[in-house]
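Working notes, beginning with the structure itself.
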Ligand SMILES: [Zn+2]
């Protein structure tokens, strides 16, 4: 999973953006985000259209370099804050009969 580091101030993001929220810079370098820790999560039993998976777990992950990301949490042994996770690429949901791909998180072995 790509991370994006502002070349002007060094702030990092898990998602591409046009401007740095800290300094307004617009020049980013990509780097690899590999693993992190589940900080908190919520469990949704009423899932949005296009998501068959129930319950849907959404969590906030803090990567080892401090970068934060929001994403689906899947394939865990015991769901709790503090477990180590890593991003995996796959289908996030269906929209208009088409799969939408992106990253979700699984517990590291
Ligand atoms: Zn910046």
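Numbering (our numbering), first residue to last: -4 to 104. Virtual Cβ for every residue (Gly too), placed ideally from N, Cα, C. Just so we're clear, the structure is a prediction, and the values are computed from it rather than from any experiment.
Practice problem: Determine the DSSP secondary structure at residue 64, reduced to helix, strand or coil. | Solution: Residue 64 sits in a strand when the DSSP states are folded into three classes.
Quiz item: Mapping DSSP to helix, strand and coil, what is residue 69?
Solution: The answer is strand: DSSP assigns residue 69 an E or B state.
Self-check item: Same chain only: Cβ atoms within 7 Å of residue 15, ignoring 5 sequence neighbours per side
Solution: In chain order, 1, 3, 4, 6 place their CB closer than 7 Å to the CB of residue 15, counting only its own chain and leaving out the 5 sequence neighbours on each side.
Quiz prompt | Option nearest residue 89 by Cα separation, candidates 44, 53, 83, 101 | solution = When each option's Cα is compared against that of residue 89, the closest is 44.
Self-check item: residue 86 classed as buried or exposed, judged by whether at least 16 other C-beta atoms fall within 10 angstroms
Solution: By the 10 Å Cβ count, residue 86 comes out exposed.
Exercise. State the Cα-Cα distance for the pair residue 73 and residue -4, rounded to the nearest angstrom.
Key: For the pair residue 73 and residue -4, the Cα-to-Cα distance works out to about 24 Å.
Quiz item: Which runs of the beta strand (DSSP E) fall wholly inside the segment 3 to 87 and span at least 3 residues, in chain order?
Solution: Complete beta strand (DSSP E) runs here, min 3: 23 to 27, 31 to 39, 51 to 58, 63 to 69.
Exercise. To the nearest angstrom, report how far apart residue 10 and residue 64 are at their CA atoms.
Key: Distance between the alpha carbons of residue 10 and residue 64: 8 Å.
Self-check item: Own chain partners of residue 50 with C-beta closer than 8 Å, once the 5 adjacent residues on each side are dropped
Solution: Excluding residues within five positions, the ones whose Cβ falls inside 8 Å are 38, 39, 40, 42.
Quiz item: What's the gap between the Cα of residue -1 and the Cα of residue 68?
Solution: A straight line joining the alpha-carbon of residue -1 with that of residue 68 spans about 22 Å.
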